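Chemist: Residue numbers (full-length UniProt numbering): 1 to 653. Just so you know, even glycine gets a beta-carbon here, dropped at the ideal spot from N, CA and C. These numbers come from a predicted model, not from an experiment. Got a structure for you, questions after.
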């Protein structure tokens, strides 16, 4: 029998003080009178007498005390609520961020777990906390709201109750001290609670509720010609606005929504700040329920156009910063896209910060970087060239021979090194040493003829040009080999899995291929009769007792068990149990879970997007193999049972 999922009701308002918590408590009392088992999980202490009076008469779960940075915080106790398992629970402030040390980073994840356990939930949220409206609210109020919820939680709720009062009535309540103390209320009137702000927020809240009703009323009216909206991901802070705009468009058009990240050769040299911003943008896209895909190549417009053609994308949303021409090309990315995909509708999202962020994203590390191997190689080539040139010059005193040798050296350095700084320094050295050793007056830095100046300029230009194109070719070869490696891994995994005859064979092959791809310790938990079995650790290197104890500890096993029970990823680099040492994922087909895979993440780092995509594909391939085995076993059991029944019948005859 399928487990019943709880129902979610959201009391939705355009601002604090409109009466969301009051109405939620009042509705809960009515349910209590009807005989429903109602408890209070958490109510924000608003210091509003009318609201807090309604808390009395309902059972309340004590809050959980969490120590953090020398202070004690009170949080909703999820475990106590699950253990109590009421019919209906009230949990205020859906967008709240939990204190570090909680199971989930966000309260909406707590509520999702309650719903999966079959418990109905009442909660509250304001319009400024919807992720897709984050930038609109900020532009209206000039105040950045730090807490948010994914829009799909709001849209998928079983019931949304709009709690609405006139703006003038809300301002009267504020002035009377019914929302904030009077000293705080005065400051609020000058900022967030300015009348124009409240009118705009109320309008947005009403329209958002209407959009949700429209979404529910017409779920599949356009399936015959459904739009597909694509947004491009990057490491710019302005990309957040582009993603939110694309999400709102997808909602309005009832369209498929995809976020594309084009991985170029610059990613390996991306600054820590840019990498953090990229991960934030990826997380935002996931929250807005975008299907995240990645491609590889330095020609971004070409990669976008290829995905557009193969995936039937009808609309592309990009930021204005993408229009900035490069040094070597007069055409912009938008121009290239118009040439490559003339039927594609392109929406360019302006942002006042786009110009500044474009400059801040430049990372000199991709051009100026030294490695021991390339440094020794460059020095060796220059010294050998210097000695050879000097030897030839002593036999035949002609500076042209030396110049040609150093040009040849510049070509060799450009081919053998990856970073342009080596070619630049080699060119400077070559010009200096030629002038000093081979040009009259010798052993000085003076030049007897101006023609040598042009020769030296050409040498530097040739060195840099060779280095630039060699570097570009090498990087493209790296990306091509990366893509080819992905295909090889998937193909080999598929072929090897087809040769497996038992679940143990699949386990061995899965652990081997995952370790080969990720170069990390793999923890494999088989699942039998919906119960977690003893784990197996896999690594090509020796696994010490300490390492074995670390990844099979009670705490780590609890994370794997949570993944089994909730069918969601958890552990390091996720928002659920992020303090775990490993990242845990289910090998599953829909709700049928065959095993739990753990990946050692000692440094809490994010897996690269390339590895995430490949990991997802591999786990799907493993799950399909296990499901095929399961179906074959069931078929064999059925045949055996039929044969047994038939044999019994023949015996009776």
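CB residue 41 to CB residue 76, shorter than 8 Å?
Modeler: Looking up residue 41 in the chain shown gives position 41. Looking up residue 76 in the chain shown gives position 76. Result yes, Cβ atoms of residue 41 and residue 76 sit closer than 8 Å.
Chemist: Which residue comes first and which comes last in the beta strand (DSSP E) that contains residue 232?
Modeler: Residue numbering aside, residue 232 sits at position 232 when the chain shown is read from its first letter. Start and end: 228–232.
Chemist: CB-CB under 6 Å to residue 25, same chain, minus the five flanking residues each way: which ones, in chain order?
Modeler: Residue numbering aside, residue 25 sits at position 25 when the chain shown is read from its first letter. These residues qualify, in order along the chain: 54.
Chemist: If you draw a straight line from the alpha carbon of residue 538 to that of residue 516, how long is it in whole angstroms?
Modeler: Taking the chain shown and counting its residues from 1, one reaches residue 538 at position 538. Taking the chain shown and counting its residues from 1, one reaches residue 516 at position 516. The straight-line gap from Cα to Cα measures roughly 11 Å.
Chemist: If contacts are defined as beta-carbon pairs under 8 Å, then residue 152 and residue 289 qualify, I think. What distance do you get, rounded to the angstrom?
Modeler: Position 152 of the chain shown, counted from the first residue, corresponds to residue 152. Position 289 of the chain shown, counted from the first residue, corresponds to residue 289. That belief holds up - the Cβ atoms of residue 152 and residue 289 are roughly 5 Å apart, short of 8 Å.
Chemist: Could you tell me the boundaries of the beta strand (DSSP E) in which residue 293 lies?
Modeler: Taking the first residue of the chain shown as 1, we reach residue 293 at position 293. That run of the beta strand (DSSP E) goes 291–296.
Chemist: Compare the C-alpha of residue 50 against each of 64, 72, 59, 18 and name the closest.
Modeler: Stepping through the chain shown from its first residue, residue 50 is reached at position 50. The option with the nearest alpha carbon to residue 50 is 18.
Chemist: How is residue 396 classed by DSSP in three states: helix, strand or coil?
Modeler: Position 396 of the chain shown, counted from the start, is the residue given in the question as residue 396. DSSP places residue 396 in coil when its eight states are reduced to three.
Chemist: Taking 8 Å as the cut-off, decide whether the C-beta atoms of residue 560 and residue 532 are in contact.
Modeler: Here residue 560 corresponds to residue number 560 of the chain shown, with the count starting at 1. Here residue 532 corresponds to residue number 532 of the chain shown, with the count starting at 1. Result yes, Cβ atoms of residue 560 and residue 532 sit closer than 8 Å.
Chemist: Would a C-beta distance cut-off of 8 Å place residue 114 and residue 81 closer than the cut-off?
Modeler: In the chain shown, counting from the first residue as 1, residue 114 sits at position 114. In the chain shown, counting from the first residue as 1, residue 81 sits at position 81. Contact flag set, yes.
Chemist: Just verifying my parser: in three-state terms, what is the DSSP assignment at residue 419?
Modeler: By 1-based counting over the chain shown, the position of residue 419 is 419. In this structure, residue 419 counts as coil in the three-state DSSP scheme.
Chemist: Grouping DSSP H, G and I as helix and E and B as strand, with all else coil, what is residue 484?
Modeler: Counting from 1 along the chain shown, the entry for residue 484 is found at position 484. Reduced to three states, the DSSP call for residue 484 is helix.
Chemist: Taking 8 Å as the CB-CB cut-off, is residue 588 touching chain B?
Modeler: Of the protein chains in this structure there is only one, and it is not chain B.
Chemist: Considering only C-alpha positions, which residue in the set 334, 626, 455, 466 is nearest to residue 502?
Modeler: Translated into positions along the chain shown, residue 502 becomes position 502. That would be 626, whose Cα lies nearest to the Cα of residue 502.
Chemist: Is the separation between the beta-carbon of residue 94 and that of residue 123 shorter than 8 Å?
Modeler: Indexing the chain shown from 1 puts residue 94 at position 94. Indexing the chain shown from 1 puts residue 123 at position 123. Yes; because the gap between Cβ atoms is below 8 Å, this pair is in contact.
Chemist: Rounded to whole angstroms, what's the CA-CA distance from residue 556 to residue 549? Just pull it up for me.
Modeler: On the chain shown, position 556 is the one that residue 556 refers to. On the chain shown, position 549 is the one that residue 549 refers to. Whole-angstrom Cα-Cα distance: 10 Å.
Chemist: Count the CB pairs spanning the region 194–203 and the region 238–252 that are closer than 8 Å, and state whether there are at least three.
Modeler: Taking 8 Å as the limit for Cβ pairs, the verdict is that the region 238–252 does not touch the region 194–203.
Chemist: Threshold first: 4 residues or longer. Then list the alpha helix (DSSP H) segments lying entirely within the region 149–184, N to C.
Modeler: The region 149–184 contains these whole alpha helix (DSSP H) runs: 151–156, 167–175.
Chemist: Touch check for the region 425–440 and the region 394–412: three-plus C-beta pairs under 8 Å?
Modeler: Judged by Cβ distances under 8 Å, the region 425–440 makes contact with the region 394–412, as three or more pairs qualify.
Chemist: Pull up the distance between the alpha-carbon of residue 656 and that of residue 285, whole angstroms please.
Modeler: The displayed coordinates of the chain run from 1 to 653. Any statement about residue 656 would go beyond what the structure contains.
Chemist: Quick one: give me the first and last residue of the alpha helix (DSSP H) that residue 242 is part of.
Modeler: Working through the chain shown from its first residue, we reach residue 242 at position 242. Where residue 242 is concerned, the enclosing alpha helix (DSSP H) stretches over 239–253.
Chemist: Comparing C-alpha positions only, which one of 252, 258, 253, 484 sits nearest to residue 243?
Modeler: The residue labelled residue 243 in the question sits at position 243 within the chain shown. The option with the nearest alpha carbon to residue 243 is 258.
Chemist: Taking the alpha carbon of residue 232 as the point to measure from, which residue in 201, 295, 255 has its own alpha carbon closest?
Modeler: Within the chain shown, residue 232 is the residue found at index 232, counting from 1. Checked all of 201, 295, 255; the closest Cα to residue 232 is 295.
Chemist: Quick one, are the C-beta atoms of residue 103 and residue 577 less than 8 Å apart?
Modeler: Numbered from its first residue, the chain shown carries residue 103 at position 103. Numbered from its first residue, the chain shown carries residue 577 at position 577. Cβ distance < 8 Å, so residue 103 and residue 577 count as in contact.
Chemist: Nearest-angstrom Cα distance between residue 629 and residue 529?
Modeler: The residue you call residue 629 lines up with position 629 of the chain shown. The residue you call residue 529 lines up with position 529 of the chain shown. Approximately 16 Å, taken between the alpha carbons.
Chemist: Decide if residue 316 is buried, meaning its Cβ has at least 16 other Cβ atoms within 10 Å, or exposed.
Modeler: If you number the chain shown from 1, residue 316 lands on position 316. Buried.
Chemist: Take every Cβ of the region 198–206, pair it with every Cβ of the region 154–168, and state whether three or more of those distances are shorter than 8 Å.
Modeler: As far as the Cβ criterion goes, the region 198–206 touches the region 154–168, which means the pair count is three or higher.
Chemist: So, is residue 180 buried or exposed, given that buried needs 16 or more other C-beta atoms within 10 angstroms?
Modeler: Locating residue 180 in the chain shown gives position 180, where the first residue counts as 1. So residue 180 ends up on the buried side.
Chemist: Taking DSSP's pairing of strands, which residues face residue 102 in a bridge?
Modeler: Taking the chain shown and counting its residues from 1, one reaches residue 102 at position 102. Beta-bridge pairing links residue 102 to 100.
Chemist: Have a look at the DSSP bridge pairing and note the partners of residue 11.
Modeler: As a first step, residue 11 is located in the chain shown; it is residue number 11 there, counting from the start. The partner list for residue 11 (beta bridge, DSSP) reads 124, 161.
Chemist: Can you have a look at residue 546 and say buried or exposed, based on whether 16 or more other CB atoms are within 10 angstroms of its CB?
Modeler: Indexing the chain shown from 1 puts residue 546 at position 546. Its Cβ having fewer than 16 others within 10 Å, residue 546 is exposed.
Chemist: Could you give the uninterrupted runs of the alpha helix (DSSP H) lying entirely in the region 55–113, keeping only those of 4 residues or more?
Modeler: Runs found: 78–84.
Chemist: Here's the rule: buried if 16 or more other CB atoms are within 10 angstroms of the residue's CB, otherwise exposed. What is residue 5?
Modeler: Position 5 of the chain shown, counting from 1, holds the residue named residue 5. By the 10 Å Cβ count, residue 5 comes out exposed.
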